[in-house]
Amino acid sequence: MLMKGRSEFTVQGRRTSKTPLIIGLVVMAMLSGVLTFLFLNGQETRITISQPKKSAVIEKVYHGKAPNCPEKYCVSITVNGDLLFHPALWNNFRTGDEREFDFTPLFAAQSQYYAKSDIVVCDVETPIAKPGGPYAGYPIFNIPPQVLDAAKEVGYTACTTDTNHAWDQGVAGIERVIDKLDELGIKHTGTYKTEAESKEPLILNVEGGKLAIIGGTVSLNGMIADYDWRVDRLRDGDMAEHDYARMISLAKKAREQGADLVVAQLHSMQEYITYADGWQKTAAHRLIDSGEFDLVYFHGSHSVQPFELYNGVYIIYGLGNSQTVSAPQVRYVNNQGLTVRVQFASNDQREWRVAKVSYLPTLNKTGAKYAWCPLTADRPSGFCVSEVTDNQMYTRMENIMFSMGLNKDDPIIQPWLISEENLQN
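Position 260, counted from 1, in the sequence shown is what numbering that gives the first Met the number 0 calls 259; the numbers after and before it change by one each time, with no gaps.
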């Protein structure tokens, strides 16, 4: 007997409900229809197991501002001689208005060179006065603050301040220099307002890497600062061990804080010489022997001195003067200087090498006017004096530079020809 709404059939003598079978057939038919529809419409069904996407790795490369970087990363630093201002120099740049002085023309020719370097470092030889003065020249300097405005405008990114004249105006003079550099956004090292600041290395961060500058002056012209930490020192004699330990410790601290390169800058005392004196050689070699320094350079002699390659590290013993009043013929070397760019290169930002040293002999005048003048063969400012005199000065300085065994034919150390570099742009 069949009950309403229910069907039955018998399998091997066992009565069984037909409902599950019918439902199964209906489901199969429906699936078959769907698959047929998808097939006829050119579609395909797949079960996909998603995998995590791999993000593309973009390798950072920074060749720096100096041309022809041979590796993935380059960092270049440009250094030159003292900013040494006397009244006979600054009086040429009085404006007669509220600005008081405008030293822009004095520095102007440097800008195209500094645009080709990641880091550009000046040496502030003397304290600055308040605007309006009083101003003073040798032997206790107090120079117009507008000098640093011009330094900023031409492209200096950092300055050192530890010189034999750093204490000429005491704490007030040191603080005026620091405040002015801070106002201009120029990094600095060498003199300090606090002891805590003196214990921190200056680390300059550019895209290619980080470079630290650590320094010291051998002399304060017989004066004594209120605190030993006020001015960075590298003295001869009884305090030498203390000062070497300070510099080497700061270099290690800089590396712990991420510096890829550490540069030593030193201010010497023996003036107008064309050789490296005993203190200079001892100081440079000892710092390099510590294994913590990648370059050593000196200010202070007011003259161009030799280059040396010692244990794989370059030393520049004297950069002369960058800006200065003209000295008498007996001290004509005072009027000359060197601007040097050192390009460091690396493939991994761990191991670095010097790829290029570009040197530029200079004079403090262009013609009869005080204006920084390059003496290189490309003559971007024309003749500084005359073709004959310029060539004589250039040759003299070049011979001094290479007097400690370096080879003029070395492809690493070559004249800085800005005209050629500008053509590469």
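We treat Cβ as the ideally placed atom computed from N, Cα and C, and that holds for glycine.
Query: L147 - DSSP class collapsed to helix/strand/coil; Result: helix
Query: Cβ neighbours of S218 in the same chain (closer than 7 Å, five flanking residues each side left out); Result: N163, M268
Query: Ordered list of beta strand (DSSP E) runs contained in the stretch 198-242, each at least 3 residues; Result: 201-205, 208-216
Query: Cα-Cα separation, P104 to I127; Result: 20 Å
Query: Paired residues, beta bridge with V356 - DSSP; Result: V341, I412
Query: Those residues which DSSP pairs with C426 across a bridge; Result: Any property of residue 426 remains undetermined from this structure, which presents the chain solely from 0 to 424.
Query: Where the beta strand (DSSP E) containing E307 begins and where it ends; Result: 306-309
Query: Proximity below 9 Å, CB of W89 to CB of V146; Result: yes
Query: C-beta contact flag for A211 and L203 at 9 Å; Result: yes
Query: Per-residue DSSP class, three states only, for H187; Result: strand
Query: Minimum length 3: unbroken beta strand (DSSP E) runs contained in the stretch 130-176; Result: 157-159
Query: Bridge-paired residues (DSSP) for Q335; Result: L362
Query: C-beta atoms of G80 and Y72 nearer than 9 Å; Result: no
Query: For Y316, the residue or residues it bridges with in DSSP; Result: None; Y316 has no bridge partner.
Query: Under the three-state DSSP convention, the category Y113 falls into; Result: helix
Query: Length of the line joining the Cα atoms of G172 and K192; Result: 11 Å
Query: Rounded straight-line distance, which links the Cα of M246 to that of K252; Result: 10 Å
Query: Three-state class that DSSP yields for Y393 in the structure shown; Result: helix
Query: Close Cβ partners of D117 (< 6 Å) along its chain, the five nearest in sequence each way excluded; Result: G63, K64, V74, S75, V205
Query: Status (buried if at least 16 other CB within 10 Å, exposed otherwise) for Q322; Result: buried
Query: Simplified DSSP state of P104, which is helix, strand or coil; Result: helix
Query: Three or more C-beta pairs below 8 Å linking the stretch 132-140 and the stretch 392-409; Result: no
Query: C-alpha distance - D161 paired with L374, whole-angstrom precision; Result: 28 Å
Query: Sub-9 Å separation of Y316 and Q304 beta-carbons; Result: yes
Query: Same chain, Cβ closer than 8 Å to L416, five either side skipped, listed in chain order; Result: T375, A376, D377
Query: Where the alpha helix (DSSP H) through P86 begins and ends; Result: 86-89
Query: First through last residue of the alpha helix (DSSP H) which encompasses L422; Result: 417-422
Query: Span of the beta strand (DSSP E), counted from its first residue to its last, around L286; Result: Taken as a continuous stretch (DSSP letters only), L286 belongs to no beta strand (DSSP E), being part of the alpha helix (DSSP H) at 277-288.
Query: Three-state secondary structure (DSSP) of K252; Result: helix
Query: Straight-line gap, Y226 to P414 (C-alpha atoms, nearest Å); Result: 42 Å
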